[in-house]
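Enquirer: Okay, so the sequence shown: first residue is 3 according to the working numbering, each after it adds one. Have a look at this one before I ask anything.
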Amino acid sequence: MIRLSTGFGDGIIIIVLILCIVLFMLIFQKKFIFKGLAMINKIILPSLIFKDLSKLKGYEKLIFGYRYWVTKNSL
3 MIRLSTGFGD GIIIIVLILC IVLFMLIFQK KFIFKGLAMI NKIILPSLIF KDLSKLKGYE
63 KLIFGYRYWV TKNSL
């Protein structure tokens with residue numbers, strides 16, 4: 003590996019840049035992240051729209067609450 007004059011390898015600099023971009027997205031683009039999560043949830047998690055909420059099992063209530071939280075933060 004070729005070292006830069008700063009003593010860091012190219013891999014370290016790329017990792018630091020990626021971490022800075024992710025930090026920027028977390029701080030300033032909260033809705034962007036939640037919209038991405040909402041799209042992933044729509045594909046992966048089951049839809050509970052046709053079930054009676056009082057008859058849901060524990061894990062189904064957890065999924066429903068998580069989907070509600072993501073949807074609320076994406077709007």
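By construction, the Cβ of each residue, glycine as well, lies at the ideal position given by its N, Cα and C atoms. Here the structure is a predicted model, which is why all the values come from computation and not from measurement.
In three-state DSSP terms, what is Ile51?
Expert: Sequence index remark: in the sequence shown, residue 51 carries index 49 (1-based). The answer is coil: DSSP assigns Ile51 none of H, G, I, E or B.
Enquirer: Restricting to Cα atoms, I'd like to know which of Leu39, Ile42 and Lys63 is closest to Leu50.
Expert: In the sequence shown, counting from the first residue as 1, residue 50 sits at position 48. For the residues Leu39, Ile42 and Lys63, the minimum Cα distance to Leu50 belongs to Lys63.
Enquirer: Just confirm the distance between the C-beta atoms of Phe34 and Met27, as a whole number of angstroms; I'd bet it's less than 8 Å.
Expert: The residue you call residue 34 lines up with position 32 of the sequence shown. The residue you call residue 27 lines up with position 25 of the sequence shown. Indeed they touch by this definition, with Cβ atoms about 7 Å apart.
Enquirer: Is it buried or exposed, Ile15, if we count other Cβ atoms within 10 angstroms and call 16 or more buried?
Expert: In the sequence shown, residue 15 corresponds to position 13, counting from 1. Classification for Ile15: exposed.
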